[in-house]
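Everything on this sheet refers to the single structure shown next.
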Amino acid sequence: MGDLANSSVEFHPKKQQGSVGGMEVNHAGDFGATLEDLRTLMELRGAEAIQKIQENYTDTESLCQRLKTSPADGLSDNPADLEKRMQVFGQNFIPPKKPKTFLQLVWEALQDVTLIILEIAAIISLGLSFYQPPGEESESCGNVASGAEDEGEAEAGWIEGAAILLSVICVVLVTAFNDWSKEKQFRGLQSRIEQEQRFAVVRNGTVIQIPVADMVVGDVAQVKYGDLLPADGILIQGNDLQIDESSLTGESDHVRKSVDKDPMLLSGTHVMEGSGKMLVTAVGVNSQTGIIFTLLGAGEEEEEKKDKKGKQDGTLENNQNKAKKQDEAVAMEMQPLKSAEGGEVEEKEKKKTNVPKKEKSVLQGKLTKLAVQIGKAGLVMSAITVIILVVYFVIETFVVQGREWLPECTPVYVQYFVKFFIIGVTVLVVAVPEGLPLAVTISLAYSVKKMMKDNNLVRHLDACETMGNATAICSDKTGTLTTNRMTVVQAYTCDQHFNKVPDPEQLNPMVLEMLVSSIAVNSAYTSKIMPPDKEGGLPKQVGNKTECALLGFVLDLKRDYAPVREQIPEEKLYKVYTFNSVRKSMSTVVQLPDGSFRLYSKGASEILLKKCTSILAAGGEKRNFRPRDRDEMVKKVIEPMACDGLRTICVAYRDLPASPQPDWENEADILTDLVCITVVGIEDPVRPEVPDAIKKCQRAGITVRMVTGDNISTARAIAAKCGIIQPGDDFLCIDGKDFNRLIRNEKGEVEQERMDKVWPKLRVLARSSPTDKHTLVKGIIDSTVLEKRQVVAVTGDGTNDGPALKKADVGFAMGIAGTDVAKEASDIILTDDNFSSIVKAVMWGRNVYDSISKFLQFQLTVNVVAVTVAFTGACITQDSPLKAVQMLWVNLIMDTFASLALATEPPTEALLLRKPYGRNNPLISLTMMKNILGHGVYQLIIIFTLLFAGEKIFNIDSGRNAPLHSPPSEHYTIIFNTFVLMQLFNEINARKIHGERNVFDGIFSNPIFCSIVLGTFAMQFVIVQFGGKPFSCAPLNLEQWLWCLFVGLGELLWGQVITTVPTSHLKCLKEAGHGSDEDEVIDEDNPEDEDEIDHAERELRRGQILWFRGLNRIQTQMEVVSTFKRSGSFQGAARRRSSVLSQLHDVTNISTPTHVVLSTANSTGAPGNPSGESIP
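Residues 64 to 1239 (this note's numbering) make up the sequence shown, in order.
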């Protein structure tokens, strides 16, 4: 340190001379360093960087002076100064990529194949309608154009084409608007996440938290364990600082940073250990991450031009990922956490980062597949329709009537063919449920918005719906289940066990002083107790809560820690061993006035007491502390404290000689021979709302497990208070050591079979390391013991929880206590750190799933009916009873509006009363299948009755076999109207999917639904009465309207009839129920690598399935025999995966064979067991 001071003195003259000779000074906005200088400086590392600092600025202090800042007090809070710094050195903000304009989104919506076909057909139809065949020859073309005699009618031929184009435009605009609002919402979410991210800087000598975007060059920032650095800087002072720079360099080893060896800190890197202060030297676009981003941005523009076409569907996700990355200004978002998980994961993750479509969720995957399959069926139907129409027409005209094909009649015939083609396309349009992806988007976006209010900040859309399927939650204890307001309530010191905080008089003054200085010095200086925000409130705890409890203990002993800290400021600390999950303790070394050293240590009592060889007695003198004494202390002091649910912390110290100077790097030698000062019991009360929330989880079929670093007795006591374990249950509470002993084989490898014996009963895992947490989560997710694959949610707040949060199906990070690294790895951030918010997330997740199912039930009914009507109608009467424009209107209401109406149902508590669906649940349950087919039958009977007997019933002209361009008939208008009204009433039926009777239940709590149903009805009225030629509608009279309404209302009554039929009696539906899509489950089961599997592989797998099915049957039979010997239940045996299967699973890493097991299991399941998978 000595030479530092000197160098700064001899530096002043240089500085003045610089400013006299001064061009460059102006250029730097009268700071002594230019943007360019600092930028080049930050590109250097290690020794080079130090050399450069010495050459240009002599040392970091002079650099501080040049940047007009003070290492101790930071910047002044002068707005003008801050503004100026922003102008000269830039803002700490990386501008996001421009969002897509509305027109771009419209262009993308137009790329839809069915729409393109329709547009082409409509344009041809338009073109032909303007062609008038010469009048006198029109007779010779037969009765083909007989309707065109009336001139006015002929002129109206263009209307159909125009109307189709118009409705296409409508559909496109609606889709584009939806995409646009989704993007906007996403950006809103991003900026919200950005504003949430704050960082500690020193201004005017006080530490304040400011939004990352407000940081400027010259700020002195405090970095600590778990931070994600928001800007580049130079370390001014550091304790044991280790940084994970893999996000920039790709090297997974942690880099040690120190003032004299490598002081360069780079934005986007993670602090994995230690703490320190840094001088900010580059922000925003000029920081290392910013530079990478600008390069990426520039590269992108060119690439985009090249493969605009190829990237179409990936772009939105790309944008979102971009925005997401930008918010943390980290180049490769996922990387920092991979190192912990070993190579294979890294590979997978890499793959993932290159695949922009990560935002597609399990549910969206299922739905897209379903939509594709329905689309294929529609395509076949429409092709058949067109072929039948054309063939019939040709035979009728040229064979039966024996006409010639005259050249001048060609346009007339072509016009007919175009009409047939349009009918075919219309069938296709109705068949393809393009509303499905839309429904998911709307539902998820709506939920995400609402979840904000429930303190869930969703970072990945699909997490929201995965949460509805969660079967297990692994929760941290501190802060999630407890209030994270720690207080010392018991202490053992001076040979006495105090059940409440002792009076200072009861303690020996020397012991008291030692205690106060040990706690004051050996805790992060960022931890402090502040006066309460409002009168009569509790004092505010800032920083690490355990340290705050100890500092509060000092205050309770009528002492103050601040003077001690002033006497020994952070810069004077000789060496700090920061807390990490391996050490489970923190130690600080200070140099005493006589040159000798004193080490203060605090940490988990059972770990530190093992290192203590003496203890301070009542008189203040040391006395020996033997292993026997330690065992007694554990029994008499620590266990009773732990059984009250207290965390026990031991505080100790050790004096070390000045010479020979100890080897500070050899930690094991330093941290021995300690003198125990006290053991305190810290209480962290359970949050009042947690027991209730856990009860709800258990009722909803979700197992809550507690994973904590605390000792086992404390953990068990808290778990009992929360209701995680109940007296009389069969459960396991073990600590990390036992856990590893139980699940690892002799070689120390984790074995899934061993894991499967442990986890189902495990409720509390104490003294666990982050690796244990990751192992547990992985073990549960990969397990196949239970008939349902587990979906696991995990909460975490520490940097070391990253791997577990990543591995889990849904990772929850704590918004208040969580480190940036944890937030980065998570899917949902709990803004209030509260367990009960997780229950809300479950409710929303289930609601999303149900909303989609409601929509599916509605949508598929319409599809089945519309396609059947169009197809049979066309085949029998040469003309679809529902015209193209009408079909498009039906498509619009049933796709867009219905998805809006059904996807925005608010969740109810009732959702938590059923078990989770699990991973391989078919989208369309048996009940839904029953509803779809039941309503389909009703609607078809009505429509065909009207089609073939309608004219007799209503006493009107028949609309069948009308010639080309004939005016709209009342007959077909009634059919169209009835059809739409039946859909509207069926939309109300679709609100319930679990066979409930009361379909109106809670309908008024959803204003969107009511307004859409009424709005659609109003529009329908307008279309029928005033739609005229474009909509092929003739106005109806009151009596006809009432009949239509009556038939529509019949839907509600029919719905009650269907509900009465018990699902279990409909054996025939079994296949249809899950045959909805067999492929979807393959992929769904395999969220690890979402790279699509090509068809060859899929065929191969199907072969494997058949082969394994045979094997499996034999094996099941063998298992049955052995199970009966063991007198176990048959069901368990059939559901257990055979070892052959698990081997296959390991080899191919594709979890297909689950179907196989379930198909055999199904034979034993309860009747109508919806989790049974069948194989086509």
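Just so you know, even glycine gets a beta-carbon here, dropped at the ideal spot from N, CA and C.
Selection from the options that minimises the alpha carbon distance to residue i
i: Asn1018; options: Val574, Asn1100, Asp896, Phe1048; result: Asn1100
i: Trp221; options: Val235, Ile536, Trp243, Ile186; result: Ile186
i: Phe31; options: Ala1012, Ala885, Ser846, Gln1046; result: Because the chain in this structure spans residues 64 to 1239, residue 31 falls outside the shown range and cannot be described.
i: Asp307; options: Arg319, Thr1008, Arg717; result: Arg319
i: Arg717; options: Ser1074, Tyr479, Gln654; result: Gln654
i: Arg1240; options: Val749, Asn518, Val617; result: Here the chain covers residues 64 to 1239 and nothing more, so residue 1240 does not appear.
i: Tyr288; options: Ala1053, Ala294, His998, Asn302; result: Asn302
i: Leu138; options: Val343, Trp170, Thr238, Arg102; result: Val343
i: His998; options: Leu1115, Val902, Ile1075; result: Leu1115
i: Gly337; options: Ser650, Pro293, Ala783; result: Ser650
i: Asp140; options: Val265, Phe193, Cys675; result: Val265
i: Lys115; options: Cys233, Asp316, Met327; result: Met327
i: Gly842; options: Gln815, Lys820, Arg826; result: Gln815
i: Leu98; options: Leu189, Gln300, Arg762, Asn349; result: Asn349
i: Cys706; options: Leu1044, Ala782, Asn585; result: Ala782
i: Phe1251; options: Phe1048, Pro572, Gly1090; result: Residue 1251 is absent from the model: the chain starts at 64 and stops at 1239.
i: Thr862; options: Ala625, Phe262, Thr269, Leu291; result: Leu291
i: Ser664; options: Asp657, Leu989, Arg646; result: Arg646
Sheet register partners of residue i (DSSP bridge)
i: Arg129; result: The partner list for Arg129 (beta bridge, DSSP) is empty, contrary to what the question assumes.
i: Cys1107; result: Note: Cys1107 sits in no beta bridge, so no partner.
i: Val617; result: DSSP lists no partner for Val617.
i: Leu138; result: Arg266
i: Lys320; result: Leu304
i: Gln604; result: Ile592
i: Arg717; result: Leu662
C-beta contact flag for residue i and residue j at 9 Å
i: Thr894; j: Leu520; result: yes
i: Ala494; j: Asn926; result: yes
i: Ile1006; j: Val930; result: no
i: Lys324; j: Ile113; result: yes
i: Val813; j: Arg807; result: yes
i: Val932; j: Phe1011; result: no
i: Leu101; j: Ala345; result: yes
i: Val617; j: Ile582; result: yes
i: Gly711; j: Ser648; result: The amino acid occupying residue 711 in the given sequence is Thr; Gly does not appear at that position. Not a contact, by the Cβ cut-off of 9 Å.
i: Tyr1001; j: Trp1117; result: yes
i: Gln553; j: Lys563; result: yes
i: Asp798; j: Ser831; result: yes
Buried/exposed call for residue i, threshold 16 Cβ in 10 Å
i: Cys713; result: buried
i: Gly1065; result: exposed
i: Ser1068; result: exposed
i: Gln630; result: exposed
i: Asp1146; result: Note on Asp1146: pLDDT 37, under 50, position unreliable in the model; the coordinate value appears next. When all chains shown are included, Asp1146 counts as buried.
i: Cys785; result: buried
i: Ser659; result: exposed
i: Lys824; result: exposed
i: His1057; result: exposed
i: Lys621; result: exposed
i: Thr332; result: buried
i: Val462; result: exposed
i: Gly859; result: buried
is_contact[residue i, chain C] using C-beta, thresh 9 Å
i: Cys675; result: Absent from the structure: chain C. Only one protein chain is present.
Write down every uninterrupted run of the alpha helix (DSSP H) in the segment 259 to 314 whose length is 4 residues or greater and which is fully enclosed by it, in chain order. 309 to 312
May I have a chain-ordered list of the alpha helix (DSSP H) segments no shorter than 4 residues that lie completely inside the segment 460 to 513? 473 to 494
What runs of the alpha helix (DSSP H), each 4 residues or longer, lie entirely inside the segment 507 to 588? Counting whole runs of 4 or more residues, the segment 507 to 588 contains the alpha helix (DSSP H) stretches 524 to 529, 572 to 584.
Complete runs of the beta strand (DSSP E) confined to the segment 727 to 795 [at least 3 residues]: 737 to 746, 766 to 770
May I have a chain-ordered list of the beta strand (DSSP E) segments no shorter than 3 residues that lie completely inside the segment 633 to 713? Runs found: 638 to 640, 648 to 654, 660 to 667, 675 to 679, 685 to 687.
Which runs of the alpha helix (DSSP H) fall wholly inside the segment 910 to 997 and span at least 4 residues, in chain order? Runs of the alpha helix (DSSP H) inside the segment 910 to 997: 947 to 955, 961 to 966.
Note down, one range per segment and in chain order, each alpha helix (DSSP H) of at least 4 residues found wholly within the segment 855 to 898. 865 to 870, 883 to 888
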